[in-house]
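Peer 1: What follows is a single structure, and I will ask about it in a moment.
Right, here's the structure in full:
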């Protein structure tokens, strides 16, 4: 049995086939993403290692920044004390 389509129906059928191909491509891409992000996947391990490295770096950076701020505050205190002592000293 043969089915005859009008040109409009043929165009719609072609569009549906194109859409079906795009949907299949998206499904395939999703499967590849799932495979890459599975817990046993190398990419997932690399991401976990990078996150751990970042956490370590951030902790060290924060500690270093706190130490730098404390040292700067101490140096500023010394300078301010020097300015105060000079401003309260009698002129020569």
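Numbering (our numbering), first residue to last: 1421 to 1512. Just so it is clear, CB atoms sit at the ideal spot from N, CA and C, and this is done for glycine as well. All values derive from a computational prediction rather than experimental measurement.
Return the CA-CA distance between residue 1467 and residue 1455, expressed in angstroms with no decimal places.
Peer 2: Against the chain shown, residue 1467 aligns to sequence position 47. Against the chain shown, residue 1455 aligns to sequence position 35. Roughly 14 Å separates the two Cα atoms.
Peer 1: Taking Cβ to Cβ, would you say residue 1436 is nearer than 8 Å to residue 1425?
Peer 2: Taking the chain shown and counting its residues from 1, one reaches residue 1436 at position 16. Taking the chain shown and counting its residues from 1, one reaches residue 1425 at position 5. Not closer than 8 Å, so no.
Peer 1: Ordered along the chain, which non-local residues of its own chain (more than five positions away) have a Cβ less than 6 Å from that of residue 1457?
Peer 2: To locate residue 1457, count along the chain shown from 1; it is residue 37. Closer than 6 Å at Cβ, skipping near neighbours: 1464.
Peer 1: Give the DSSP-derived three-state secondary structure of residue 1460 in the structure shown.
Peer 2: Sequence index remark: in the chain shown, residue 1460 carries index 40 (1-based). Residue 1460 falls in the coil class under three-state DSSP.
Peer 1: If we ignore side chains and look at the alpha-carbon of each, how far apart do residue 1448 and residue 1428 end up?
Peer 2: Along the chain shown, one-based indexing puts residue 1448 at 28. Along the chain shown, one-based indexing puts residue 1428 at 8. Taking the straight line joining both Cα atoms gives about 30 Å.
Peer 1: Suppose you measure from the CA of residue 1485 to the CA of residue 1505; what does that come to, to the nearest Å?
Peer 2: The sequence position of residue 1485 within the chain shown is 65, counting from 1. The sequence position of residue 1505 within the chain shown is 85, counting from 1. Approximately 30 Å between the Cα atoms of the pair.
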